[in-house]
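*Asks:* Chains B and R, in that order, are what the protein sequence lines are.
Quick note: the first sequence uses this note's numbering, first residue 12, plus one each step.
Quick note: the second sequence uses this note's numbering, first residue 136, plus one each step.
No residue lacks a Cβ here, since even glycine has one placed at the ideal position from N, Cα and C.
Take this structure, written in structure tokens, and hold onto it; I'll ask about it next.
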Amino acid sequence: MSAQPARDNIVIRSLSQIGDCALFLLQILAAVPRSLKHVRETVRQLWFVGAMSLIIIMVCGLFVGMVLGLQLYDVLSIFGGTSATGTVVAIAIYRELGPVVTALLFAGRAGTSVTAEIGLMRATDQIAAMEMMAVDPMAYVVAPRFLAGVIAMPLLCCVFCALGIFGGHLVGVSWLGIDNGTFWSNMTATVDLVKDVINGVLWKSVAFGVVVSLIAVFQGYTTPPTSEGVAYATTRTVVASSIAILALDFVLTAFLM
Amino acid sequence: MSQRQSYAVGTGLFIVLGFAALGYLATQTTSVANTSRGPSYTVEAHFANIGQLKERAPVKVAGVRIGQVQSIVLDPGKETADVKLAIDKRYDKIPDDSVATIFTSGLLGDQYVGIQYGSSAKTMADGGTLALTRPAQQLEEMLGKFFGAGGAADNLSGSYTVKARFTNVGALSIGAPVKMAGVAIGSVQSVKADPVKLDAEVMLAIDKKYSQIPDDSAAAVFTSGLIGTQYVAIQPGGSPDMLKNGDELVLTQSALQLEDLIGKFLVNGSPSDKKPADNSGSTTPPAGKH
């Protein structure tokens, strides 16, 4: 986890980062039982990364659903299939947009602040101080933030999806005049509980929650203890999370289909 | 302590909201919403062909959902499908000579089982069998009777031109294939409106290879597939004289309005409703009627 010699080439550096990250995940998992005595800290983090992210998630979900409703109505009207708008909005949101957009927003809203917070703790020697006082920083700082992220992601994703459906309904039914009954009955006839909601919304968002939280705490914990290092680590959290989310989304889709 | 409690309450609300959203998604927007929860009884029906019918598809009477398809298995030793229908206990007054039919909702929609009441005084009991069934109507077969197969025009080496007049060419465009028996034999050279006769004058370039077309053949504007492009189909006649360059095809059939056509089949899908469709009679050439 120490800073790599600058002469390593980029492949070696990337590989060692991934390796460090995986080892860090094992350390976090090992620290999870110890962090249970700090359950209050986990709840506080859940409030911070989850409940505080609700507004942005809800607003974005609403707009994503609304724009989907508009676009799909426009295209489907070519084929006279506007009654399928509800179905396509629901499937698009459940399978892809819900988990992916929520994870991207989550990385930007919560991941960065976790990285910056842990990075500043590192830079101001608070982590070293904890170790001196025999407080395990893995159990007290890292594991609660990681757990909170993993728990918050699927919940946020569900809220996002529900608001997205509401947004699609608002545009499709209230504004563009699709029949309310058709909208819902087509949706319920096609959307599948296991394939769309469990595989799409739940598993994907849990996986994204693990990845985003891991990257956030890892970048914060291993940041160079300077103000520049913290800024750099925060940026890298967003970049690495976004790439990881989109790449993992493809892999998960291929497996869960 | 009060600070702690406020975030604890907020976190709790967040978790409750998240699970409420999940519950809403799972139960209200998926097929789970369609599973009937009330007590139901089972009725069997045997179909020669179930088409795309799936388990949990709705069972409807007069368009109202009264139950769902419970299971679909192939009858052992027979070439029929055994479909078990779970029907809500509230609807227990179904005459035992009712007819079960597999319908399609809309043009491209899912299939469902429709039950049309018979006139018997006896009602269906649990485990009973609906003896009268009508299989799924294969849209492809129906449409195949009207439309030829798709395909691109041959590379035209040398061609001769014939004229055809249509009262309506639909969306026929220049370059559209001309087909005989489903095989492309040429292409549409030009589509012009005739300012005097007020109809469409279509010039067809037909490959020289196909010079044995009787001059009383008919030309019709057809559509390939459901939402495909339109083409001109030549239906050979019986005349001993062949078409020559510059001839005109006198017998033509204009583009069918797909909406009218399909509307007649899907809305009046059952034989009992056939009469009004026959009376309006535009699916068959009027020459056959008069």
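Counting along the chain, where does the beta strand (DSSP E) carrying V356 (chain R) start and finish?
*Replies:* Residue numbering aside, residue 356 (chain R) sits at position 221 when the second sequence is read from its first letter. Here the beta strand (DSSP E) through V356 (chain R) covers 353 to 358.
*Asks:* Give a yes or no on contact between the stretch 155 to 166 of chain R and the stretch 251 to 267 of chain R, applying the rule of three or more CB pairs nearer than 8 angstroms.
*Replies:* No contact exists between the stretch 155 to 166 of chain R and the stretch 251 to 267 of chain R.
*Asks:* At a cut of 8 angstroms, does the stretch 130 to 148 of chain B reach the stretch 258 to 268 of chain B through at least three beta carbon pairs?
*Replies:* Verdict: no, contact absent.
*Asks:* Looking at chain B, is there any beta carbon in it that lies within less than 9 angstroms of the beta carbon of F154 (chain R)?
*Replies:* The residue given as residue 154 (chain R) occupies position 19 in the second sequence. By this cut-off, F154 (chain R) is an interface position.
*Asks:* D260 (chain B) CB to nearest chain R CB: under 9 angstroms?
*Replies:* Mapped onto the first sequence, residue 260 (chain B) falls at position 249. D260 (chain B) does not count as touching chain R.
*Asks:* Please tell me whether A235 (chain R) has its Cβ less than 9 angstroms away from any Cβ of chain B.
*Replies:* Locating residue 235 (chain R) in the second sequence gives position 100, where the first residue counts as 1. No, A235 (chain R) lies away from the interface with chain B (no Cβ there is under 9 angstroms from its Cβ).
*Asks:* Less than 8 angstroms between the CB atoms is what I'm expecting for S322 (chain R) and A340 (chain R), so what's the real figure, rounded?
*Replies:* As a position in the second sequence, residue 322 (chain R) is number 187, starting the count at 1. As a position in the second sequence, residue 340 (chain R) is number 205, starting the count at 1. Indeed they touch by this definition, with Cβ atoms about 6 angstroms apart.
*Asks:* If you run the structure through DSSP and keep just helix, strand and coil, what is G249 (chain R)?
*Replies:* To locate residue 249 (chain R), count along the second sequence from 1; it is residue 114. Reduced to three states, the DSSP call for G249 (chain R) is strand.
*Asks:* Work out the CA separation of P270 (chain R) and K213 (chain R) for me, nearest whole Å.
*Replies:* The count along the second sequence starts at 1 and reaches residue 213 (chain R) at position 78. The count along the second sequence starts at 1 and reaches residue 270 (chain R) at position 135. Going from the Cα of K213 (chain R) to the Cα of P270 (chain R) covers about 15 angstroms.
*Asks:* Looking only at its own chain, which residues have a Cβ that is under 6 angstroms from the Cβ of L36 (chain B), when we skip the five neighbours before and after it?
*Replies:* Within the first sequence, numbered from 1, the residue matching residue 36 (chain B) stands at position 25. Cβ neighbours of L36 (chain B) beyond the five flanking positions: L225.
*Asks:* Taking R225 (chain R) as the reference, which of R:S175, R:D350, R:A316, R:I348 has the closest Cα?
*Replies:* Counted from its first residue, the second sequence places residue 225 (chain R) at position 90. For R225 (chain R), the nearest C-alpha among the options comes from R:S175.
*Asks:* Going along chain B in order, which residues have a C-beta closer than 7 angstroms to the C-beta of G145 (chain R)?
*Replies:* Looking up residue 145 (chain R) in the second sequence gives position 10. Going along chain B in sequence order, the residues near G145 (chain R) (Cβ under 7 angstroms) are W58, A62.
*Asks:* With a cut-off of 9 angstroms, does the C-beta of S166 (chain R) fall near any C-beta of chain B?
*Replies:* Taking the first residue of the second sequence as 1, we reach residue 166 (chain R) at position 31. Interface residue, yes.
*Asks:* Please identify the residue among R:H181, R:D231, R:P312, R:G158 whose C-alpha is closest to the C-alpha of A260 (chain R).
*Replies:* Against the second sequence, residue 260 (chain R) aligns to sequence position 125. Nearest option by C-alpha distance: R:D231.
*Asks:* Going by alpha carbons, who is nearest to A192 (chain R) out of R:Y142, R:I150, R:Q246, R:V178?
*Replies:* Translated into the one-based positions of the second sequence, residue 192 (chain R) becomes position 57. Of the listed residues, the one whose Cα sits closest to A192 (chain R) is R:Q246.
*Asks:* Any residues in the stretch 177 to 208 of chain B with a beta carbon nearer than 7 angstroms to a beta carbon of chain R? Which ones, in chain order?
*Replies:* Residues passing the 7 angstroms Cβ filter: M198, T199, A200, V202, D203, L204, D207, V208.
*Asks:* Output the boundary residues of the beta strand (DSSP E) element that contains K314 (chain R).
*Replies:* As a position in the second sequence, residue 314 (chain R) is number 179, starting the count at 1. From DSSP, the beta strand (DSSP E) with K314 (chain R) extends over 312 to 315.
*Asks:* Am I right that L220 (chain R) and A180 (chain R) are in contact with their C-beta atoms under 8 angstroms? What's the rounded C-beta distance?
*Replies:* Taking the second sequence and counting its residues from 1, the one referred to as residue 220 (chain R) is at position 85. Taking the second sequence and counting its residues from 1, the one referred to as residue 180 (chain R) is at position 45. The Cβ separation is near 6 angstroms, so the contact holds.
*Asks:* Kindly list the residues whose CB is nearer than 8 angstroms to the CB of A353 (chain R), restricted to its own chain and excluding five residues on each side of it in sequence; keep chain order.
*Replies:* Numbered from its first residue, the second sequence carries residue 353 (chain R) at position 218. Closer than 8 angstroms at Cβ, skipping near neighbours: I369, Q370, G372, L384, L386, T387, Q388.
*Asks:* Quick one: is K149 (chain R) buried, meaning 16 or more other Cβ sit within 10 Å of its Cβ, or exposed?
*Replies:* Residue 149 (chain R) sits at position 14 when you count from the first residue of the second sequence. Sequence check: residue 149 (chain R) is Phe here, not Lys. Answer is buried; the Cβ neighbour count reaches 16.
*Asks:* For G178 (chain B) versus G72 (chain B), is the C-beta spacing smaller than 9 angstroms?
*Replies:* Counting from one through the first sequence, the residue named residue 178 (chain B) turns up at place 167. Counting from one through the first sequence, the residue named residue 72 (chain B) turns up at place 61. For G178 (chain B) and G72 (chain B), yes; Cβs fall inside 9 angstroms.
*Asks:* Do you know how far the Cα of R133 (chain B) is from the Cα of A139 (chain B)?
*Replies:* Here residue 139 (chain B) refers to the residue found at position 128 when the first sequence is read from its first residue. Here residue 133 (chain B) refers to the residue found at position 122 when the first sequence is read from its first residue. Cα to Cα, the separation comes out at about 7 angstroms.
*Asks:* Per the DSSP calculation, H49 (chain B) is bridged to which residue(s)?
*Replies:* Position 38 of the first sequence, counted from the first residue, corresponds to residue 49 (chain B). According to DSSP, which records beta bridges pairwise, H49 (chain B) is partnered with nothing at all.
*Asks:* To which residues does DSSP link L339 (chain R) through a beta bridge?
*Replies:* Taking the second sequence and counting its residues from 1, one reaches residue 339 (chain R) at position 204. R:V297, R:V323.
*Asks:* Measuring only the C-alpha atoms, how far is G147 (chain R) from G61 (chain B)?
*Replies:* As a position in the second sequence, residue 147 (chain R) is number 12, starting the count at 1. As a position in the first sequence, residue 61 (chain B) is number 50, starting the count at 1. Each residue's alpha carbon lies about 10 angstroms from the other.
*Asks:* Cutting at 8 angstroms between CB atoms, please list the residues of its own chain near D207 (chain B), excluding the five before and the five after it.
*Replies:* Within the first sequence, numbered from 1, the residue matching residue 207 (chain B) stands at position 196. Result list for D207 (chain B): A101, I102, Y105, R106, in chain order.
*Asks:* Give me the chain B residues within the contact set of F149 (chain R), using Cβ-Cβ distance strictly less than 8 angstroms, ordered along the chain.
*Replies:* Position 14 of the second sequence holds residue 149 (chain R). By Cβ distance, chain B contributes L57, W58, G61, A62, L65, A163, L166.
*Asks:* Buried or exposed, going by whether 16 or more other CB atoms sit within 10 Å of the CB of S109 (chain R)?
*Replies:* This structure gives no information on residue 109 (chain R), because the portion of chain R shown stretches from 136 to 425.
*Asks:* Are A306 (chain R) and T364 (chain R) closer than 9 angstroms when you measure CB to CB?
*Replies:* As a working note, residue 306 (chain R) is residue 171 in the second sequence. As a working note, residue 364 (chain R) is residue 229 in the second sequence. It is a contact, given that the beta carbons lie within the stated cut-off.
*Asks:* Hey, K48 (chain B) and A159 (chain B): beta-carbon distance below 9 angstroms or not?
*Replies:* Numbered from 1 along the first sequence, position 37 holds the residue referred to as residue 48 (chain B). Numbered from 1 along the first sequence, position 148 holds the residue referred to as residue 159 (chain B). No.
*Asks:* Could you check if A284 (chain R) is buried or exposed, using at least 16 other CB atoms within 10 Å of its CB as the buried criterion?
*Replies:* Taking the first residue of the second sequence as 1, we reach residue 284 (chain R) at position 149. Bear in mind that the predicted position of A284 (chain R) carries a pLDDT of just 41, short of 50, making it too unreliable to give a figure here.
*Asks:* CA-CA distance, A251 (chain B) and A258 (chain B)?
*Replies:* Numbered from 1 along the first sequence, position 240 holds the residue referred to as residue 251 (chain B). Numbered from 1 along the first sequence, position 247 holds the residue referred to as residue 258 (chain B). Computed Cα separation, rounded: 11 angstroms.
*Asks:* Exposed or buried, what is T135 (chain B) when buried is set at 16 or more other beta-carbons lying within 10 Å of its beta-carbon?
*Replies:* The residue given as residue 135 (chain B) occupies position 124 in the first sequence. Exposed is the call here.
*Asks:* Thinking C-alpha only, which one of B:W214, B:L204, B:I256 is nearest A227 (chain B)?
*Replies:* Numbered from 1 along the first sequence, position 216 holds the residue referred to as residue 227 (chain B). Of B:W214, B:L204, B:I256, the residue nearest in Cα terms is B:I256.
*Asks:* Tell me whether R51 (chain B) is buried or exposed, calling it buried when 16 or more other Cβ atoms sit within 10 Å of its Cβ.
*Replies:* Taking the first sequence and counting its residues from 1, one reaches residue 51 (chain B) at position 40. Its Cβ having fewer than 16 others within 10 Å, R51 (chain B) is exposed.
*Asks:* Is M69 (chain B) helix, strand or coil when you go by DSSP?
*Replies:* What you label residue 69 (chain B) is simply residue 58 of the first sequence in a count that begins at 1. It is helical.
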